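A short worksheet on the structure shown next.
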Amino acid sequence: MADEPPRRKGKRQTKFQRAADGSMTLMEHLMDLRSRLMIAVLVILVGTALGLVFSKQAIEFLAQPYCNTPAANIEDSEQVLCNFTLNSPASHIALYLKVSLYMGLVATSPLWLYQLWAFIAPGLHRNERRYAYTFIGIAAPLFLGGALLAYFVVSHGIQFIMVLQEGTGFQIALNLEEYINFYLTVMVVFGIGFEFPLIMLMLNVMGLVTAKRMRGWWRIVVVVSFIFTAIFTPTPDPFGMTALAICMLILYGMALVVAHLNDKRKGITDEDEWDDEEASDIGSADDVAAASSIAASGLDDEDYPEERRNRLGRRVDGYDDIT
């Protein structure tokens, strides 16, 4: 049973208190979930509508790295969105709606995340809620930091690609919808990559991983970080891959320091756990006396009980009355 906040005598219980002490029925829980989901959807729709007002500016902001390259063929400052192309006359409408939806999700995330949290929180203990508040407060800036890094990585990557394209005689005409989708996908992937050290720290706080074990995994973390960045970094230049990998390793080092302090607070030392490459001490082996052998031919008829001799005597051609 989750811890519930104290309440005064004679005062009516709040919905949070009723959910925490288990007095709400299943139907009441479902009604509460439905109402909170409806509020979350309504908040996202309002944020999307507001984002639609600024969607054009957002698209121009994302297109700026390409527009700054010589291949964009900008002849004057009044040219809009460089020389991007669209697949259909209605493609720009779907693009504006998609960008405004992303903007609405990000801008209203504190509100709709609170609705989801208010439904889950009554089932958690007080200390679990405290940890959750801390991790959520750290996760949001980390995700935004990863998305911001993705913007600069893609910007430098596009400039690197355009430098390689110069002198080839080819004319590049990027599709605006594919370009924006690519940009948004990379920003989400980088944001998720920044959450990896926080997940490891969460496992340490839960007691599933110690700081010593995290320190022993540093080689694996380095390899996995560079593999992750090599797969999801969209451009072939080494700048993007190295930048994301170094940031992930720095964040992992910070998580390792916090995990060490947390283990020290709990009284967990390095001697309490064996290293991954260290053999465990199984102690000295006890002396075992040799077993005495019994020769089959040394058994006489008198060694068998009477019943056993009778059963042997009833065998016919090697078969007894059972087989």
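Positions 26 to 348 (the numbering used here) are the ones given, in order, by the sequence shown. Backbone N, C-alpha and C fix where the C-beta goes; we use that ideal spot for every residue, glycine too. Quick caveat: nothing in here was measured; it's all calculated off a predicted structure.
Task: Cutoff 6 Å; reference Lys216; Cβ partners in own chain excluding five residues on either side - done: Going by the sequence as given, residue 216 is Gly instead of Lys. Counting only Cβ-Cβ distances below 6 Å, and skipping sequence neighbours, we find Phe168, Gly171, Ala172.
TODO: Measure the CB-CB distance between Leu201 and Phe109 and report whether it falls below 8 Å.
DONE: yes
Open item on the list: Which same chain residues end up closer than 8 Å to Ser102 when comparing Cβ atoms and leaving out the 5 residues on each side of it in sequence?
Closed with: Because Ser102 sits at a pLDDT of 46, beneath the cut-off of 50, its placement in the model cannot be relied upon, and the following sentence gives the value as read from the coordinates. The answer is none, since no qualifying residue turns up.
- [ ] Measuring alpha carbon to alpha carbon, tell me which of Pro222, Gly218, Ala284, Met225 ends up nearest Met266.
- [x] Gly218
Task: Selection from Thr50, Asn152, Tyr91, Glu53 that minimises the alpha carbon distance to Ile205 - done: Tyr91
- [ ] Jot down the residue ranges of each uninterrupted alpha helix (DSSP H) in the segment 261-291, minimum 4 residues, whole runs only, in chain order.
- [x] 263-291
TODO: Go to Pro114, then tell me how far its alpha helix (DSSP H) extends in each direction, as first and last residue.
DONE: Note, Pro114: premise wrong, no alpha helix (DSSP H); not H, not E.
TODO: Locate the alpha helix (DSSP H) running through Cys107, then write down its first and last residues.
DONE: Element bounds for Cys107: n/a, residue is neither H nor E.
TODO: Verify the contact flag: Leu167, CB atom, against every heavy atom of the ligand FMN, threshold strictly below 7 Å.
DONE: Absence of the ligand FMN from the depicted structure is noted, as is the absence of any ligand whatsoever, leaving it without description.
- [ ] Output the distance between the C-alpha atoms of Trp242 and Ala198, rounded to the nearest integer angstrom.
- [x] 45 Å
TODO: Can you give me the Cβ contacts of Ser125 inside the same chain, cut-off strictly under 6 Å, excluding the 5 residues immediately before and after it?
DONE: Thr73, Gly76, Leu77, Ser80
- [ ] Per DSSP, which residues does Asn200 bridge with? Please list them.
- [x] Thr110
Task: Assigned secondary structure, Leu67 (DSSP; H/G/I helix, E/B strand, else coil) - done: helix
- [ ] Classify Glu220 as helix, strand or coil using the three-state DSSP reduction.
- [x] coil
TODO: Classify Asn93 as helix, strand or coil using the three-state DSSP reduction.
DONE: coil
TODO: Classify Thr258 as helix, strand or coil using the three-state DSSP reduction.
DONE: coil
Task: As assigned by DSSP and simplified to three states, the class of Val234 - done: coil
Open item on the list: I'd like the list of long-range same chain contacts for Val71, defined as Cβ closer than 8 Å, with 5 residues on each side in sequence excluded.
Closed with: Gly129, Thr133
Task: Leu141, enclosing alpha helix (DSSP H) - first and last residue - done: 134-145
- [ ] Return helix, strand or coil for His181, following the three-state DSSP convention.
- [x] helix
Open item on the list: Quick check: what's the CA-CA separation for Tyr176 versus Met212?
Closed with: 7 Å
Open item on the list: Given this structure, state the Cα-to-Cα distance separating Pro247 from Lys291, to the nearest angstrom.
Closed with: Note on residue identity: the sequence assigns Val, not Pro, to residue 247. Cα-Cα distance, rounded: 28 Å.
- [ ] Just the C-alpha distance for Ile256 and Leu51, rounded to the nearest angstrom, thanks.
- [x] 45 Å
TODO: Take the Cβ of Lys237 as the centre, count every other Cβ of all protein chains shown within 10 Å, and call the residue buried at 16 or more, exposed below.
DONE: buried
Task: Simplified DSSP assignment, three categories, for Leu149 - done: coil
Task: Outcome for Thr254 when other beta-carbon atoms lying within 10 angstroms are tallied against a minimum of 16 - done: buried
Task: Cβ neighbour criterion (16 or more within 10 Å) applied to Thr258 - done: buried
Open item on the list: I'd like to check one pair, Leu281 with Arg240: are the Cβ atoms closer than 8 Å?
Closed with: yes
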